[in-house]
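J.: Next up is a structure, given as structure tokens.
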Amino acid sequence: MDGSQETQSAPGSSQAREFIKPTISFESVTFSNGDVLTFEEDEIIVFVGPNNAGKSAALRELEAFVSRNVEQKVIKSVTLRRSGSEKELLRYLQENALTLGQPGQHSYAGMGYNIHQNHVSWFDQPSDRHPVAPFFCTRLSTENRLVGSNPAAAIALFAEPPNHPIHLLLMDNMLAAKISGLFKHAFGADLIPFRAGGGSFPLFVGRKPPLVPGEDELSRSFIDRLRADAVALDQQGDGMRSFASVLLYVLAADHHSIQFLDEPEAFLHPPQARLVGEFIARERKAKSQLFIATHSTDILDGLISGGADKVRIVRIQRDGAVNRVKELSREKTTAIVKDTLARYSRVFDGIFYQHVVICEADADCLFYSSLLNTKAISSDRRADVLFIHTAGKHRMAQLAATLRELDVPVSVVADIDLLKEENTCKKLFETMGGNWSEICGHFQSIKHAVEQRRPPLNAEQVASLIRDKLNGVGGTDEFPKAVEKGIKNIFNTLSPWDEVKRAGRSALPPGQATKHFDDLLAKAQAVGLWIVPVGELEGFCRSIDGGHGPGFVAKVLEERSLETDPELQEAREFVSRLWARARPSDAAD
């Protein structure tokens, strides 16, 4: 089945196009569920998503489409964009490739390609381009990451076609210096092509000695100094070798108009992963498409730091036999780049999970995730769920919106005092897909019932209460603990919502206010917004005298059984209800 179409760019004047380099790029890609994405010829397209979603498969299938148009599993069809013609490809090869073989039966060879003269015409074929495809695209797989920077076989430079990026470094001193500089930025050592390797050209890592008058890089004195200050790259750690391979195949051997890079983070520590992403985005050739599959937020962070205007983040998610895709808009990507808190809130981590739960604080994340991963709730299979916190309620909607735009299933857990602020509650409810008119009446009734019982204390009232506590306190002795506690309690009762937060639903006025709360709770849960019915985290285990937040959670985890403690039953039921709604279909018991 033909799964591809092509568009031909309009020809210009023969003089302007005399030395054009023909290209192939993807104009559009149709995924297995019918979703279509269109691309420009100079973009970085980053495939992200959970394990086994089809990211690496998409790279392999796109590469196959450059050669032949055959419908695949993840990719249904593509439309290719071509610039140039068969004649212009032939002219380019005659001017830039090495000619091998006998006249009339010769071929054109270069980095990664060897095209017989009779096969140049395949460039114009609508459905099969496999003889010329290696000229236009290349893929660096995870499997080849470590061996990609191994020594290159020795060739007669400038007389034989280069077949390894190291050959390109040996033929271009400026390119070698550029790649070495990037490598040194990451590891603090030069990356040096070794010309005197006999049957091979290895790379060395260390300090490149300066040439002295009368020396070149084949001089015995230079080689001795180099060997004393550097060692072969293939004897170094996997991280260095992987990093070098990405630089070599993506930035050095950059003549292809389409590149595919699978898991560039492989074998790298986070700082190096971020750097390689930044280098790729900043240093790659201008007129080429780069498709990347990654599991790394460090790679993502580096890419958007190096070229946010050209980076497109596409989340792939498997739904049975089909693959759904959702793209993060460029506006949202740019907003994340500018928002330091968003970039470092682990929001990008969420796109690699099947579900994300957003909480107010780190202690909430620890408590609820510990409960979720008990056998009683998620069985023997560890839930593929990420818990992230926002340091309060006001940023919950923003993070939820970013994740939902990428088709990441999201739940939000908020303390009951979310109902104190209408704008915050409304924005979060609507971000989660709710219609505010459905709960507005409930919200207003609850808020009115709570605040009419006692208005918030004003400044003079607070000052008067503190003065009463300080009455009789003086001298040089230690400040009385009882008085200190009493003053703190004053600040815990400034608002009528403080009591509601401590006691939860039971602190609401009986009757209509409680009924409105139950109705609001049910409608909020239906869109994935989970308001803590006991008020706040600590309300799930009131007998723990462990303070607040992290101290409380630490005591619960140390002293109680999450599986069987009777006082934690309400907490288990709360998390069980959340998981029953959030659990992916393939995680069912």
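All residue numbers for the sequence shown refer to UniProt numbering, where the first residue is 1 and numbers rise by one. Just so you know, even glycine gets a beta-carbon here, dropped at the ideal spot from N, CA and C. Keep in mind the model is a prediction, meaning the values are calculated, not measured.
What distance in whole Å lies between the Cβ atoms of L248 and L165, which are believed to be in contact at a cut-off of 8 Å?
T.: Note on identity: in this sequence residue 165 is Pro, with Leu being the wrong assignment. Contact holds; Cβ gap of about 4 Å.
J.: In angstroms, rounded to a whole number, what distance separates the CA positions of I115 and E88?
T.: When rounded, the distance between both Cα atoms is 14 Å.
J.: Within 10 Å of its beta-carbon, does P22 have 16 or more other beta-carbons around it, so buried, or fewer, so exposed?
T.: It counts as buried.
J.: Do Q72 and E61 come within 9 Å of each other at the CB atom, strictly closer than that value?
T.: Their beta carbons are under 9 Å apart, which means E61 touches Q72 by this criterion.
J.: Give a yes or no on contact between the stretch 374-382 and the stretch 421-431, applying the rule of three or more CB pairs nearer than 8 Å.
T.: The stretch 374-382 vs the stretch 421-431: no contact.
J.: Applying the criterion that 16 or more other CB atoms from any shown protein chain within 10 Å of the CB defines a buried residue, is V212 buried or exposed?
T.: Result: exposed.
J.: Considering only their Cβ atoms, is the gap separating P151 from D234 smaller than 9 Å?
T.: Yes, the pair counts as a contact, with Cβ atoms nearer than the cut-off.
J.: Are the stretch 404-418 and the stretch 531-541 in contact at 8 Å, needing three or more beta carbon pairs?
T.: Enough Cβ pairs lie closer than 8 Å, so yes.
J.: What's the C-alpha gap between L98 and A109?
T.: Straight-line Cα distance between these residues: approximately 5 Å.
J.: How many whole angstroms separate the CB atoms of L261 and G277, which I take to be in contact at a CB cut-off of 8 Å?
T.: That pair is no contact at about 10 Å.
J.: Tell me the DSSP secondary structure of Y108 in three-state form.
T.: Correct three-state label for Y108: strand.
J.: Go to F158, then tell me how far its beta strand (DSSP E) extends in each direction, as first and last residue.
T.: F158 -> no beta strand (DSSP E), and no H or E assigned at all.
J.: Sorted by chain position, which residues of the same chain lie with C-beta nearer than 8 Å to R207's C-beta, five sequence neighbours on each side aside?
T.: Closer than 8 Å at the Cβ level, and outside the excluded window around R207, lie A189, D190, D229, A230.
J.: Along the chain, where does the beta strand (DSSP E) that runs through N114 open and close?
T.: N114 -> beta strand (DSSP E) spans 113-116.
J.: Quick one: Cα of Q525 to Cα of M432, how far?
T.: One C-alpha to the other measures close to 10 Å.
J.: For the alpha helix (DSSP H) that residue 591 lies in, which residues bound it at each end?
T.: As shown, the chain starts at 1 and ends at 589. That puts residue 591 outside it, with no answer to give.
J.: Kindly indicate the opening and closing residues of the beta strand (DSSP E) around G84.
T.: Looking at the DSSP string, G84 is not in any beta strand (DSSP E), and its letter there is neither H nor E.
J.: Could you tell me the alpha carbon to alpha carbon distance between I299 and Q354, rounded to whole angstroms?
T.: Spanning the two alpha carbons is a distance of roughly 20 Å.
J.: To the nearest whole angstrom, what separates the beta carbons of I446 and A507, a pair I think is in contact under 8 Å?
T.: Not really, about 11 Å apart at Cβ, beyond 8 Å.
J.: So, helix, strand or coil for R195, using DSSP?
T.: It is coil, neither helix nor strand.
J.: Where does L100 sit, in a helix, a strand or coil, going by DSSP?
T.: L100 falls in the strand class under three-state DSSP.
J.: Counting pairs of beta carbons, one from the stretch 361-373 and one from the stretch 569-585, are three or more of them closer than 8 Å?
T.: Touching, per the Cβ criterion.
J.: Among residues of its own chain, excluding the 5 on either side of L568, which ones have a beta-carbon nearer than 7 Å to its beta-carbon?
T.: Result list for L568: F540, C541, R560, L562, in chain order.
J.: Which two residues bound the contiguous beta strand (DSSP E) that contains L59?
T.: Careful: L59 lies outside any beta strand (DSSP E), inside the alpha helix (DSSP H) at 55-67.
J.: To the nearest angstrom, report how far apart G54 and R324 are at their CA atoms.
T.: Straight-line Cα distance between these residues: approximately 10 Å.
J.: Mapping the DSSP letters down to three states, classify F39 as helix, strand or coil.
T.: It is coil, neither helix nor strand.
J.: Do R145 and E63 count as a contact pair if the criterion is CB distance below 9 Å?
T.: For E63 and R145, no; Cβs fall outside 9 Å.
J.: Could you tell me the boundaries of the beta strand (DSSP E) in which I24 lies?
T.: Note, I24: beta strand (DSSP E), 23-31.
J.: Please report how far the alpha carbon of L168 lies from the alpha carbon of A253, in whole angstroms.
T.: Spanning the two alpha carbons is a distance of roughly 7 Å.
J.: Could you work out which residue in F387, V385, G199, K184 is closest to A156 when comparing CA atoms only?
T.: The residue with the shortest Cα to Cα distance from A156 is G199.
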